[in-house]
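Protein chains in written order, with the numbering used here: chain Z, 14 to 117; chain P, -6 to 645. Every residue gets a Cβ at the ideal spot worked out from N, C-alpha and C, and that includes glycine. All remarks here apply to the structure that follows.
Below is the structure:
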């Protein structure tokens, strides 16, 4: 495992982050946007684990943070889906462009 | 000295009455509010009399000197070690005397009002206001602290305002109450400045400490510190005196008093004759140890008092509204008290003026409230304030007639009535200190006799009888039973009591009890000295009798003969007009209008400009708030990137 250089893993993490970013800005479907956010969160998770492993192998802080993030991501997904369902009920659509009444 | 807390009840009972009647009076005590207020005050009066007895005869005197006792003291606001605002009760000869005067006159007025104000729509409110006034006045006279004086000073101002404007559906009453409030407020500004000057140099607000401080250590400071070449002490005391002059209707701040007669007549008797208007005199007397340190302020007091006494007496001779005559007479008598203080010294023989002033305050309270209540009874009957609507009333109101006569004799200084003794002492004090003051005072006392008897003869003689009354506004007098003309017993009783007091009050050896330094003063009457004032008094009475006793052409002939002088006096020396000119033409145009312009254009303009700019700017940038989530996210991440750049490259 220590044969894999840290730059490779960070490359994966950055790639994941920007794929998520791209999805977040280009998709109009709320479910897809939610999935993109999950990708961003997971890239962060990878970062945490990697730095924990390579810099402070005797500590567990990074791992703990990862677990927290996974838990929060699950909760967030539940809330987001609830919002999306409600949005669907009122707008008959889950397209983000259709939900733009909250403006000036 | 065991002055227990019952003294605190004297002012607190009227306060309780005010709270009770003011909050619940209109609903629950519509009929009984008068009785409740009167009973509460009766208890207060009893306590005040008991306190006076205790103080003057039992335990007030130590080694032949009346002590100044702080019965209760409670520190309310403390600024620094020495300067604090306290609430307390001080007992010394003048405060105890004032307690008796205020409660007693107030009680009489309460009783009188039971009849006078009967059937009034706002009966309970009236009694609530009376109670508020009584409370404030009592608080004022027992104050230990200059700031406490100031607070109660304003409270009496407020209650006076409320009572003058009691008939608020009359525009003249509203205008009068506003005028009284504004003029006295203006004077109170001087008072406040004076307090601050004295407290700054005297390092205390407590009157006793202040006097001690200034007398001993701070004297050098306060007399050397100067402003425009006049010492700080003189400035401070003059400012305080301006406050006193405003409340006491001294020239040139007297303009509110005649107008204040718009209030109900018993109120005029209580506030604008016997108690509140002497607050200025009381204030000077209270700070008298300081006033004696600076002769120039005492001179101001003397001459302001003298001018007021003289001017008011002349104006009183020409007025036709009986309450206005009494108002000017009040102003004149207070002028007497003022200059008596002005010519007084602090110790020994020289303090005669102080004693005389307090004595006159004491007797004046009785006979002037009697005069006002008598006038109230007359007005109650004829429903008019004008002299021409009256005349020949002596047959119909015997009690009022006799008591009014007694009061007139007293104020004219005819022995053996109360006014004689006190006025005599004032004249004596003036004689010993300044002959010019004495001459004016003597002449004024003749004028006093003249205008009072002009009033008396115009009301009760000038025989015309009831036909005159029928012509007057009331339709009922003919059918009325004349035995009832004077009103119910509640209106007669105070007249009788006050009449009796007026007869006997003069025989109190006042110098034994009330002096500036507490050491009794032996007063001795010089019979030879009395000849001149009494002669002037009798002369005035005879003149008034000659002119006014019978209906004749004489008054109008004399007034035409005097021409311009009469006209000037009738128009009150045009002082009101001068005020109007100064305020309307000069202050409004030169100060008011520019200030209004600045307010409207610069102050408001700046505010409006800011609002306008904000509005425009927000309209410009509101497009950012598009409602599109992805746009927001883009801004968010963009922001983060910018921040990251800053952190990475600029804030290394």
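Closer than 8 Å to the CB of residue 618 of chain P there is at least one CB belonging to chain Z. Collapsing the DSSP output to three states places residue 243 of chain P in coil.
Neighbours of residue 626 of chain P across chain Z, judged by C-beta separation under 8 Å: 37 and 38.
The Cβ-Cβ distance between residue 442 of chain P and residue 530 of chain P falls below 8 Å. Contact between the stretch 5 to 20 of chain P and the stretch 68 to 83 of chain Z is not established, with fewer than three Cβ pairs separated by less than 8 Å. Taken in chain order, the unbroken stretches of beta strand (DSSP E) that lie wholly in the stretch 34 to 117 of chain P and span 3 residues or more are 62 to 71 and 77 to 84. Remark: C-beta atoms of residue 383 of chain P and residue 371 of chain P approach each other more closely than 8 Å. Close partners of residue 622 of chain P in chain Z (Cβ separation under 7 Å): 109.
When DSSP assignments are scanned along the stretch 553 to 595 of chain P, the uninterrupted stretches of alpha helix (DSSP H) that are 4 or more residues long and fall wholly within it turn out to be 557 to 563, 568 to 573 and 586 to 590. Ranked by how close their Cα comes to the Cα of residue 78 of chain Z, the residues Z:38, Z:23, Z:55 and Z:28 have Z:55 in first place.
About 14 Å separates the beta carbon of residue 400 of chain P from that of residue 450 of chain P, a gap too long to meet the 8 Å contact definition.
Remark: fewer than three beta-carbon pairs, one from each stretch, lie closer than 8 Å, so the stretch 103 to 115 of chain Z and the stretch 84 to 93 of chain P are not flagged as touching.
By the Cβ criterion, the stretch 345 to 361 of chain P is not in contact with the stretch 301 to 317 of chain P, since fewer than three pairs of Cβ atoms, one from each stretch, lie closer than 8 Å.
With respect to the C-alpha of residue 24 of chain P, the residue from P:112, P:191 and P:538 having the closest C-alpha is P:112. Rounded to whole angstroms, the separation of the alpha carbons of residue 64 of chain Z and residue 82 of chain Z is 16 Å.
Here residue 135 of chain P is near residue 88 of chain P, since their CB atoms are less than 8 Å apart. Between residue 491 of chain P and residue 366 of chain P, the CB-CB gap stays under 8 Å. Proximity of residue 114 of chain Z to chain P, defined by a Cβ-Cβ separation below 8 Å, is satisfied. Annotation for residue 333 of chain P: the continuous alpha helix (DSSP H) segment containing it runs 315 to 335.
In the three-state scheme derived from DSSP, where H, G and I count as helix and E and B as strand, residue 209 of chain P is classed as coil.
The beta-carbon distance between residue 229 of chain P and residue 187 of chain P, rounded to whole angstroms, is 5 Å. This is short enough to meet the 8 Å contact definition.
Between residue 203 of chain P and residue 139 of chain P a beta carbon distance of about 7 Å is seen, short of the 8 Å cut, so the two are scored as contacting. Residue 325 of chain P sits away from residue 358 of chain P, with the two beta carbons spaced by 8 Å or more. For residue 42 of chain Z, the pairing in a beta bridge is given by DSSP as Z:108.
For residue 138 of chain P, the secondary structure class from DSSP, reduced to helix, strand or coil, is strand.
Straight through space, the alpha carbons of residue 376 of chain P and residue 149 of chain P are spaced by roughly 29 Å. Under DSSP, residue 199 of chain P takes part in a beta bridge, and its partners are P:138. For residue 391 of chain P, the enclosing alpha helix (DSSP H) has its first and last residue at 391 to 405. Separation of residue 43 of chain Z and residue 624 of chain P (C-alpha to C-alpha, rounded to the nearest whole angstrom) is 14 Å. Between residue 15 of chain P and residue 166 of chain P, the C-beta spacing is not below 8 Å.
Contact between residue 49 of chain P and residue 559 of chain P is ruled out by a C-beta separation of about 47 Å, above the 8 Å threshold. Counting every other CB atom within 10 Å of its CB across the protein chains shown gives residue 409 of chain P a total below 16, marking it as exposed. In this structure, residue 63 of chain P and residue 83 of chain P form a Cβ contact; the two beta carbons are roughly 5 Å apart against a cut-off of 8 Å. A direct Cα-Cα distance of roughly 6 Å separates residue 362 of chain P from residue 267 of chain P.
Residue 447 of chain P sits buried, since 16 or more C-beta atoms from the chains shown fall within 10 Å of its C-beta.
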